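Have a look at the structure below before the remarks.
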Amino acid sequence: MNWLLDIIESSIGKKLLMALTGLGFCVFLFGHLAGNLTIYGGKDAFNSYAEHLHSLGPILTVAEIGLLIFAMVHILSGIFLFWGNLKARPQRYVMKKSAGGRTIGSRTMPYTGFLVLLFVIFHLMNFHFVDKTNTTIFQIVQNAFSDPIYVGIYIAAMLVVGIHVSHGFWSAFQTLGANHPKYMPLIKGLSICFSLIVGMGFGFLPIYFLFML
Amino acid sequence: MQLDSKVPGGPLSEKWDKHLFDLKLVNPANKRKFEIIVVGTGLAGGSASATLAELGYNVKTFCIQDSPRRAHSIAAQGGINAAKNYSNDGDSVWRLFYDTVKGGDYRSREANVYRLAQVSNNIIDQCVAQGVPFAREYGGLLANRSFGGAQVSRTFYARGQTGQQLLIGAYSALSRQIAVGKVKLFTRRDMLDLVLVNGKARGIVTRNLVNGNIETHAADAVVLATGGYGNTFYLSTNAMASNVSAAYSAYKKGAFFANPCYTQIHPTCIPVHGTYQSKLTLMSESLRNDGRVWVPRNPGDKRHPGQIPESERDYYLENKYPSFGNLVPRDVASRNAKLQCDQGKGVGETGLAVYLDFKDAIQRDGKDVIAKKYGNLFQMYEKITADNPYETPMMIYPAVHYTMGGLWVDYNLMSTIPGLFVLGEANFSDHGANRLGASALMQGLADGYFIIPYTIGGYLAGTKLEKVSTDDAGFKATAEDVKTRIQKLLSIGGKRTVDDFHRQLGNIMWEYCGMARTAKGLTKAKNLITELRAEFWENVLVSGSGDQFNQSLEKAGRVADFIEFGKLMVLDALARKESCGGHFNEDYQTEENEAKRDDESFCHVAAWEYAGEENEPNFHKEALHFENVTLTQRSYK
Amino acid sequence: MTRSNGKKNINLTLKVWRQVGSDVKGRLETYQANNISTDMSFLEMLDVVNEELIINHRDPIAFDHDCREGICGMCGAVVNGRAHGPEKGTTLCQLHMRHFSDRDTVIIEPWRSRAFKIIKDLVVDRSALDAIIQAGGYISVSAGGTPDANVIPVPQEAAEKAMDAAACIGCGACIAACPNASAMLFVGAKVSHLALLPQGAPEAARRVLKMVQKMDDCGFGNCTNERECEAVCPKEISITNIARLNREYIKAGFL
Ligand SMILES: Cc1cc2nc3c(=O)[nH]c(=O)nc-3n(C[C@H](O)[C@H](O)[C@H](O)COP(=O)(O)OP(=O)(O)OC[C@H]3O[C@@H](n4cnc5c(N)ncnc54)[C@H](O)[C@@H]3O)c2cc1C
Ligand code: HEM
Ligand code: SF4
Ligand code: FES
Chain A
0 MNWLLDIIES SIGKKLLMAL TGLGFCVFLF GHLAGNLTIY GGKDAFNSYA
50 EHLHSLGPIL TVAEIGLLIF AMVHILSGIF LFWGNLKARP QRYVMKKSAG
100 GRTIGSRTMP YTGFLVLLFV IFHLMNFHFV DKTNTTIFQI VQNAFSDPIY
150 VGIYIAAMLV VGIHVSHGFW SAFQTLGANH PKYMPLIKGL SICFSLIVGM
200 GFGFLPIYFL FML
Chain B
0 MQLDSKVPGG PLSEKWDKHL FDLKLVNPAN KRKFEIIVVG TGLAGGSASA
50 TLAELGYNVK TFCIQDSPRR AHSIAAQGGI NAAKNYSNDG DSVWRLFYDT
100 VKGGDYRSRE ANVYRLAQVS NNIIDQCVAQ GVPFAREYGG LLANRSFGGA
150 QVSRTFYARG QTGQQLLIGA YSALSRQIAV GKVKLFTRRD MLDLVLVNGK
200 ARGIVTRNLV NGNIETHAAD AVVLATGGYG NTFYLSTNAM ASNVSAAYSA
250 YKKGAFFANP CYTQIHPTCI PVHGTYQSKL TLMSESLRND GRVWVPRNPG
300 DKRHPGQIPE SERDYYLENK YPSFGNLVPR DVASRNAKLQ CDQGKGVGET
350 GLAVYLDFKD AIQRDGKDVI AKKYGNLFQM YEKITADNPY ETPMMIYPAV
400 HYTMGGLWVD YNLMSTIPGL FVLGEANFSD HGANRLGASA LMQGLADGYF
450 IIPYTIGGYL AGTKLEKVST DDAGFKATAE DVKTRIQKLL SIGGKRTVDD
500 FHRQLGNIMW EYCGMARTAK GLTKAKNLIT ELRAEFWENV LVSGSGDQFN
550 QSLEKAGRVA DFIEFGKLMV LDALARKESC GGHFNEDYQT EENEAKRDDE
600 SFCHVAAWEY AGEENEPNFH KEALHFENVT LTQRSYK
Chain C
0 MTRSNGKKNI NLTLKVWRQV GSDVKGRLET YQANNISTDM SFLEMLDVVN
50 EELIINHRDP IAFDHDCREG ICGMCGAVVN GRAHGPEKGT TLCQLHMRHF
100 SDRDTVIIEP WRSRAFKIIK DLVVDRSALD AIIQAGGYIS VSAGGTPDAN
150 VIPVPQEAAE KAMDAAACIG CGACIAACPN ASAMLFVGAK VSHLALLPQG
200 APEAARRVLK MVQKMDDCGF GNCTNERECE AVCPKEISIT NIARLNREYI
250 KAGFL
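Chains as they are written, first to last, in numbering that gives the first Met the number 0: chain A, 0 to 212; chain B, 0 to 636; chain C, 0 to 254.
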């Protein structure tokens, strides 16, 4: 397995891990969003979706552990990359301007990533590691979103996720070697669509709770 | 000393094979016992270093730049010739040989040129195998174009970056040998002197340009591939670091310098803008395939080119040379541009330019076709001049581009100093008095890949070489000389900068030893240079110290040599009382202002031997014998 | 395009990074560049400043340069925050003063990267790029014994793409401009050039693994697809070459 370690330790290897786990998250986000959309179907639809999910039992546990591993890998390689990049230019420029390549998303990846991490912890504490014996998930969510501060945090977090993904999505394809003049514009378009869908899809839920219910 | 070219006997086409057989071989196991120094990493030096290392020799390679890949060869645009006859237009080794001898105005050595044509095909095979991305046809086979007025399409090219791609090929071969430890690379080194032991070349003295250390290196043979001396003229298309110093130091140590006055002036360069100008930029000769050269018919006509009607334009090349038109060889095109400007018909702010007009070509083929062919050149032109050649004609003027002269070498590429070999533009061997387009790259690679690897073996196997070390007195003394000179340069503390002197030398050379020469002008130049040299050593101002990165000092040494060398060029030009190729003496011309050769008296190589600082050099003659071609007056009418 | 508005001569304030050696602290120093013709190239402007410095017995500004026509890759500095200055697809030596205005302040700094030590002022040591090529940036053929050049047909498109990549002049601007000082565009260009040609195929896997390893050892940063490299590259080399490098790396590593 030495060869695998060698690859993973290289700069491209770490990026590959980043890309694969990042894309994994994107898939997860997509599924998560699809599930959450049942909220618009009302209390029962949402609760039954949650029950269905939990009835999966061990499969769900495996998926959760998988996500956790993905998170660890994504975060750890992210830290290594970030650290390596800081070291690569010990003396900064007095004046440095973008020549037009960078975007808000690309500039802020480590920071938006870190914020997403904080949010995920916060999110899990709110909705995952809570006592669910006497209450339904819908109620928990409704409770949480009755507080404008919570709503604010959630919306802001979704913006951050959107920004992170706006670069991350196409960047992952580039890292995996999938860049071709023919279909790169499509991937870039998808990247923007995806970040909008994620940002707005998740972002509207708290608003829905706050104002509609 | 009788110059022996060592050209083998027998029929022309068998000479090289026979010679290869006659050369002594070095036993494969013994090759690693030999050290070879190669100075220069251009096409010649890069390919030689790589190939010698592949054969098993231990090679030490030196260059001025921070990377071998930046040698001046990288700037070559147009292409490289080979006698592949891929275009099926009747090309052959013989035809390439013939064209090159004729193009050189019958002042080159037949046997060398024939060998060059012979190995030209191997070069293309070699480069393709290395991954040089030559242009290709849709079917995947290599594309060719006709270049520099050749009647056949034999030029291989990689867009307008042929030199770059060929050099990257040689550089990658070199890198491979560095990786396996067969080549030890020394970058940012300036070779300042050659070390002789018992009359043989056994080492060099270099200055480490980063920390100023004076270093000595010993070897069994020394190969110089240090390029041409066009920068004697200050302004040229050569790179800023191109110099004569390495070759000149060898000359001072006894290597003969051949034909120094043969300078090629390229007709299509961007004209000079102002005194601050530091170099001239070549616009590829291929432009003349579609561009039409003209000047206003009336002297002093300062109208915008668009306002000058067809009837008041003089397409002087087309009119004068109906069969070759705009495609006449370089020397002819350059001289005619000067002639027009001398008559006051020059255009642009300085009056030292002629038009190269693409209007008709665009009308005929459409802008797209022209853009596809020359787009990058047009862009480069616009970058420099802020003029758009699609709309207004380009302005061009001749500029110093290549030097056919160089250290004298025999058929083995060895100079008059045993063990000192000279390759590429630094030697004099293959181009006679004028070089055809796309043949310098060919020569550099031929020398490096396919000639020196064998001939140096013959020398090493057949010569008794005593052990030497850099601790020997000879090395120490030479290093001391180098240090003394550096100290002297630094201590003058005068009032004029190095560039200032260089510019003045350039003016003298361009004025009196440039496109058109006269005995009177050359004599004047000789005196001017003598004065300039005296002033230089009294009044130059070199900043900084010797033990640091010091570009002012680097230049000072080079300019000091250029000044002395300029005088040698002038002497050679004076002695050659005829016109041939790049050496045009107005005193020797036909009624139609064409070069008039004197084959009776001047069908020879002029080789100069250094005779001390205060003396004129000794003249030696290598007679040229043409057994396979008849000498004719070149005619492009 | 031109900013000088037809003015023939302009005056500039230069702030130039001066540093005597690699382990000495450097700083910006201010110089006046007066009466600069707008037809000058940027390096000719520096020549003029240097001539004056020399005459006044001050140390001229050290900068690398050679061909002065945009092909040798020797020149380069970060000018007002941009590698090779403000013009697209242009090396510093081909940047002309007509792109500056009278009384502009121009900040000039060397390439900055851990892998590029400063030698003096604007001169840096780029030998790491050569080290990467030595690690595998070649096709292992020795002189002689190669087949006829037309034995292997190469589709024109492949040859053109290889040429696009091979146009890299090894200047290092991509690394200077990259927020992470990554050398992926340079390495991507070289790997692509050889991987696109059938001649380069036999060694493709070994080559990419070795070159990437060397790149990492030299201390360059990691690519995060910021695309600053292709924006400053004087030869406008595209990041599709980085994608190809990634692809080649995956192929070499896993297949
Ligand atoms: C703009 C331009 C375009 C051209 N286009 C073409 C073309 O299309 N076709 C063609 O056939 N020819 C062309 N030529 C000519 C051709 O490029 C050169 O003649 C040829 O490349 C010279 O190669 P070389 O190896 O002899 O020397 P160079 O490439 O000049 O290399 C010289 C080497 O020697 C080193 N060196 C020099 N002095 C010293 C020293 N004192 N100490 C240590 N190292 C030293 C340098 O660092 C360098 O590595 C062109 C020339 C120019 C200027
Ligand atoms: C919902 C959660 C997340 C998603 C969907 C996501 C997605 C992605 C994607 C697709 C990439 C691109 C990989 C590539 O360029 O090859 C990426 C990169 C990155 N992510 Fe995340 N990520 C998430 C969470 C995080 C977290 C929690 C962190 C950090 C603590 C983080 C930090 C980073 C960093 C530093 C990068 C590297 C930037 C780069 O190389 O371009 N991400 N992410
Ligand atoms: S990729 Fe572009 S910027 Fe980078 S070294 Fe090559 S030419 Fe320079
Ligand atoms: S000096 Fe050669 S690229 Fe600028």
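Using N, Cα and C, we set each Cβ at its ideal position, and we do this for glycine too. Fair warning: this is a prediction, and the values are worked out from it, not measured in the lab.
- Among the bridge pairs identified by DSSP, Cys-66(C) is matched with none.
- Excluding the 5 residues flanking it on each side, Ile-383(B) has same chain C-beta neighbours closer than 7 angstroms at Ile-269 and Thr-280, in chain order.
- The beta carbon of Cys-71(C) sits closer than 8 angstroms to some beta carbon of chain B.
- Near chain C, meaning a CB-to-CB distance below 8 angstroms, the residues of the region 83-97 of chain A are Gly-83, Asn-84, Lys-86, Ala-87, Arg-88, Pro-89, Gln-90, Arg-91, Tyr-92, Val-93, Met-94, Lys-95, Lys-96 and Ser-97.
- Put simply, the CB of Asn-178(A) is near chain C, with a gap under 8 angstroms to one of its CB atoms.
- Rounded to whole angstroms, the Cβ separation of Leu-128(C) and Ser-66(B) is 7 angstroms, and the two are in contact under 8 angstroms.
- Closer than 9 angstroms at the C-beta level to chain A, one finds these residues of the region 116-146 of chain C: Ile-117.
- Residue range 8-17 is occupied by the beta strand (DSSP E) that includes Asn-10(C), with no alpha helix (DSSP H) assigned at that position.
- Fully contained in the region 361-405 of chain B are the following alpha helix (DSSP H) runs of length 4 or more, in chain order: 366-384.
- As the crow flies, the alpha-carbon of Arg-57(C) is around 26 angstroms from that of Asn-230(B).
- The Cβ neighbour count for Ile-167(B), taken over all protein chains shown within 10 Å, is at least 16; the residue is labelled buried.
- For Val-353(B), the secondary structure class from DSSP, reduced to helix, strand or coil, is strand.
- Here Ala-164(C) carries a helix assignment [DSSP, helix/strand/coil].
- Taking 8 angstroms as the Cβ-Cβ cut-off, the region 451-474 of chain B approaches chain C at Pro-452, given in chain order.
- Burial state of His-430(B) is buried, judged by a 10 Å Cβ sphere holding 16 or more other Cβ atoms.
- Arg-287(B) and Lys-554(B) have their C-alpha atoms some 35 angstroms from each other.
- At least one C-beta of chain C is nearer than 8 angstroms to the C-beta of Gly-543(B).
- Sequence-ordered contacts of the region 222-243 of chain B with chain C read Ala-238, Met-239 and Ala-240 [C-beta pairs closer than 7 angstroms].
- At a cut-off of 8 angstroms, the C-beta of Gln-18(C) has no neighbouring C-beta in chain B.
- Proximity to Asp-192(B) across Ile-177(B), Ala-476(B) and Val-558(B) peaks at Ala-476(B), based on C-alpha coordinates.
- Separation of the CB atoms of Gly-130(B) and His-192(C) is rounded to 7 angstroms, and the pair is thereby assigned contact status at 8 angstroms.
- Proximity of chain B to Arg-97(C) at the Cβ level (cut-off 7 angstroms) is accounted for by Ala-385, in chain order.
- Taking the Cβ of Ile-63(B) as the reference point, at least one heavy atom of ligand 1 falls within a distance shorter than 7 angstroms.
- Taking 8 angstroms as the cut-off, the Cβ atoms of Tyr-156(B) and Gly-77(B) count as close.
- In the same chain as Leu-175(A), and ignoring 5 residues on each side of it, the C-beta atoms closer than 6 angstroms to its own belong to Ala-18, in chain order.
- Taking 8 angstroms as the threshold, the shortest C-beta distance from Gln-125(B) to chain C falls below it.
- For Leu-22(A), no chain C residue has a C-beta closer than 8 angstroms to its own C-beta; the minimum C-beta separation is roughly 14 angstroms.
- When Cβ-Cβ separations below 8 angstroms define contact, Phe-185(B) makes no contact with chain C.
- Closer than 8 angstroms to the CB of Cys-74(C) there is not a single CB belonging to chain A.
- Scanning Asn-111(B), Arg-158(B), Val-112(B) and Ser-152(B) for the CA closest to the CA of Phe-133(B) turns up Arg-158(B).
- Using a CB distance cut-off of 8 angstroms, Pro-59(C) counts as an interface residue toward chain B.
- Relative to ligand 3, Phe-219(C) has its C-beta separated by 7 angstroms or more from all heavy atoms.
- For ligand 3, a non-hydrogen atom lies closer than 7 angstroms to the CB of Leu-184(C).
- Taking each of Gly-139(B), Asn-143(B) and Ser-171(B) in turn and checking the Cα distance to Ala-142(C), the smallest one comes out for Ser-171(B).
- Look at the beta carbons and you see the region 169-187 of chain C touching the region 105-121 of chain C: at least three pairs across the two are nearer than 8 angstroms.
- Here Phe-61(B) is actually not in contact with Phe-255(B); their C-beta atoms are around 23 angstroms apart, not less than 8 angstroms.
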